[in-house]
Ligand code: PLP
């Protein structure tokens with residue numbers, strides 16, 4: 147009889163958003179008149195920009211004519227998009243990334259989840275706590291974590307990030323082979339400084355570890371003391387894999403397009419102790435299991451790099467970041483302690499003394515009809531915090547903040 151992958155039995159239930167949905171439904175049933183504002187799930191609300199829509203339309207037309215129709219494309223992405231990424235995202239930072247180091251995909255979620263496949267099962271992984279859950283769960287599936295005991299996996303190294311350490315985790319004390327860092331961070335909305343990231347790159351070199359650098363939110367950075375790409379740090383090409391996405395940057399959450407950079411220099415050891423480059427391994431993985439992002443969508447993504455596309459997208463990002471400012475300043479004005487919201491569309495609120503994440507969630511839902519995300523859902527260190535997103539409409543953001551201001555904590 148077929149047997150299942152036993153690692154899946156080590157997964158913990160992903161109850162966070164299901165629990166939120168259940169609570170919201172129950173509340174709606176008992177308060178049908180309530181006008182609920184959702185600032186919980188991190189999905190965008192602005193539509194695709196005109197430059198992207200025009201490019202998608204033109205590509206649809208091409209697909210309808212025999213001479214311009216495209217079938218299977220290159221699994222790694224069309225050259226026009228890989229070149230646009232290298233020229234548009236990296237060259238302006240003074241970074242040379244070769245197009246064959248860029249792998250276009252249907253999402254950073256798929257890539258950060260799939261990348262662990264090219265590493266052996268006995269690698270020790272380190273994740274920050276709280277964390278974007280995909281890094282952890284994909285490694286549970288890959289058999290690298292052991293079992294969870296009271297919510298903590300026995301073989302995972304957790305790096306607490308909280309107000310006490312200014313959301314900058316300390317280096318692991320034990321052996322770690324793969325470190326996941328997300329900057330700007332989901333869920334805390336904070337960034338790591340350039341100097342600290344340089345130390346992380348050095349730490350990875352010294353410890354022969356790989357750095358998985360998720361910069362899905364780099365477009366939201368407004369302060370100068372961080373990096374947009376890990377390759378701004380000298381030596382990062384030898385240790386870091388970078389994940390980027392058009393999802394939040396350009397509203398592609400439903401359209402699906404992202405990319406991963408695997409530099410030629412980044413290596414890990416094989417069973418004989420010999421260093422092997424990861425770029426050909428990831429290429430092999432993608433060419434075997436993935437058949438590329440639709441041509442139409444890649445044309446839409448390439449339009450992000452045109453002058454019109456850039457200007458239009460900048461406006462959307464500014465719109466969300468103005469929402470972030472409104473939330474941040476509004477909550478600070480009533481004495482709440484908040485983090486993030488300057489370089490990321492997430493605001494991380496410290497629950498007032500004595501309140502848990504779920505207490506604050508319930509208060510916002512029941513008293514002012516706002517849906518948020520309890521920080522404890524992102525890991526044990528998230529307890530006592532709550533996440534709001536800046537991805538709502540301006541009108542709803544202002545209304546939500548006005549309502550929260552009526553609360554007494
Ligand atoms: N990485 C982080 C940190 C995210 O927050 C998200 C989405 O919320 C993703 C990756 C996934 O992005 P994509 O839509 O490209 O799969």
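In this note's numbering, the protein residues as written are 147 to 555.
Don't be surprised by glycine CBs; every beta carbon is placed ideally from N, CA and C.
Next on the checklist: Let me confirm a value: residue 393 is counted as buried when at least 16 other C-beta atoms fall within 10 Å, else exposed. Which label applies?
Outcome noted: Here residue 393 is taken as the residue at index 247 of the chain shown, counted from 1. By the 10 Å Cβ count, residue 393 comes out buried.
Item to check | CB of residue 497 within 8 Å of CB of residue 531, strictly | outcome: To locate residue 497, count along the chain shown from 1; it is residue 351. To locate residue 531, count along the chain shown from 1; it is residue 385. Their beta carbons are under 8 Å apart, which means residue 497 touches residue 531 by this criterion.
Next on the checklist: Quick check on DSSP: helix, strand or coil for residue 204?
Outcome noted: Numbered from 1 along the chain shown, position 58 holds the residue referred to as residue 204. Three-state result, residue 204: helix.
Next on the checklist: Considering only DSSP beta bridges, list what residue 423 is partnered with.
Outcome noted: Residue 423 sits at position 277 when you count from the first residue of the chain shown. DSSP lists 413 as partners of residue 423.
Checklist entry - Are the beta-carbon atoms of residue 271 and residue 285 separated by less than 8 Å? => result The sequence position of residue 271 within the chain shown is 125, counting from 1. The sequence position of residue 285 within the chain shown is 139, counting from 1. Yes.
Item to check | Beta-carbon spacing of residue 298, residue 304 below 8 Å | outcome: For the purposes of this step, residue 298 is identified with residue 152 of the chain shown, where counting begins at 1. For the purposes of this step, residue 304 is identified with residue 158 of the chain shown, where counting begins at 1. Going by C-beta atoms, residue 298 is nearer than 8 Å to residue 304.
Item to check | Test item: CB-CB of residue 332 and residue 188 under 8 Å | outcome: Start at 1 with the first residue of the chain shown, and residue 332 comes out as number 186. Start at 1 with the first residue of the chain shown, and residue 188 comes out as number 42. Against a cut-off of 8 Å, the Cβ pair of residue 188 and residue 332 comes out as a contact.
Item to check | Terminal residues of the alpha helix (DSSP H) in which residue 244 lies | outcome: Taking the first residue of the chain shown as position 1, residue 244 is located at position 98. Residue 244 -> no alpha helix (DSSP H), and no H or E assigned at all.
Item to check | Terminal residues of the beta strand (DSSP E) in which residue 496 lies | outcome: Along the chain shown, one-based indexing puts residue 496 at 350. From DSSP, the beta strand (DSSP E) with residue 496 extends over 492 to 496.
Item to check | Any non-hydrogen atom of the ligand PLP closer than 7 Å to residue 258 Cβ | outcome: In the chain shown, counting from the first residue as 1, residue 258 sits at position 112. Within the cutoff, so yes.
Checklist entry - By the 10 Å Cβ neighbour count, where 16 or more other Cβ atoms means buried, how is residue 417 classified, buried or exposed? => result The residue labelled residue 417 in the question sits at position 271 within the chain shown. Residue 417 comes out exposed.
Next on the checklist: To the nearest angstrom, how far is the alpha carbon of residue 448 from that of residue 218?
Outcome noted: As a first step, residue 448 must be located in the chain shown, where it is residue number 302. As a first step, residue 218 must be located in the chain shown, where it is residue number 72. The straight-line gap from Cα to Cα measures roughly 18 Å.
Item to check | Heavy atom of the ligand PLP within 7 Å of residue 360 beta-carbon | outcome: Mapped onto the chain shown, residue 360 falls at position 214. Indeed, a heavy atom of the ligand PLP lies less than 7 Å from the Cβ.
Item to check | Spatially closest choice to residue 302 from 289, 311, 313, by CA coordinates | outcome: By 1-based counting over the chain shown, the position of residue 302 is 156. Minimum Cα distance to residue 302 is reached at 289.
Checklist entry - Apart from the five residues on each side of it in sequence, which residues of its chain come closer than 8 Å, Cβ to Cβ, to residue 514? => result On the chain shown, residue 514 is found 368 positions in, with the first residue counted as 1. Result list for residue 514: 546, 549, 550, 552, 553, in chain order.
Next on the checklist: Do residue 390 and residue 361 count as a contact pair if the criterion is CB distance below 8 Å?
Outcome noted: If you number the chain shown from 1, residue 361 lands on position 215. If you number the chain shown from 1, residue 390 lands on position 244. Their beta carbons are under 8 Å apart, which means residue 361 touches residue 390 by this criterion.
Item to check | residue 380, buried or exposed, once every other Cβ within 10 Å from all chains shown has been counted against 16 | outcome: Counted from its first residue, the chain shown places residue 380 at position 234. Exposed.
Checklist entry - Got a sec? Which residues, its chain only, sit under 6 Å from residue 522 by beta carbon, not counting five neighbours each side? => result Numbered from 1 along the chain shown, position 376 holds the residue referred to as residue 522. Hits under 6 Å: 503, 528, 529.
Checklist entry - Between which two residues does the alpha helix (DSSP H) harbouring residue 453 extend? => result Taking the first residue of the chain shown as position 1, residue 453 is located at position 307. Residues 453 to 479.
Item to check | When 512, 477, 486 are compared against residue 543, the one with the closest alpha-carbon | outcome: Working through the chain shown from its first residue, we reach residue 543 at position 397. Closest option to residue 543, Cα to Cα, is 477.
Next on the checklist: Beta-carbon within less than 7 Å of residue 469's beta-carbon, same chain only, minus the 5 sequence neighbours each way: which residues are those?
Outcome noted: In the chain shown, residue 469 corresponds to position 323, counting from 1. Within the same chain, residue 469 has close Cβ partners 536, 538, 540, 543.
Checklist entry - With respect to the beta strand (DSSP E) encompassing residue 407, which residues constitute its N-terminal and C-terminal limits? => result Looking up residue 407 in the chain shown gives position 261. Taken as a continuous stretch (DSSP letters only), the beta strand (DSSP E) holding residue 407 covers 404 to 407.
Item to check | Residues that DSSP places opposite residue 485 in a beta bridge | outcome: The sequence position of residue 485 within the chain shown is 339, counting from 1. In DSSP, residue 485 forms a bridge with 494.
Checklist entry - What span of residues does the alpha helix (DSSP H) with residue 226 cover, start to end? => result In the chain shown, residue 226 corresponds to position 80, counting from 1. Start and end: 225 to 231.
Checklist entry - Smallest Cα separation from residue 462: which of 324, 193, 328, 487? => result Residue mapping note: residue 462 aligns to position 316 of the chain shown, counting from 1. If we check each option's Cα against that of residue 462, 193 comes out closest.
Checklist entry - Is residue 359 helix, strand or coil by DSSP? => result The sequence position of residue 359 within the chain shown is 213, counting from 1. Of the three classes helix, strand and coil, the one that applies to residue 359 here is strand, per DSSP.
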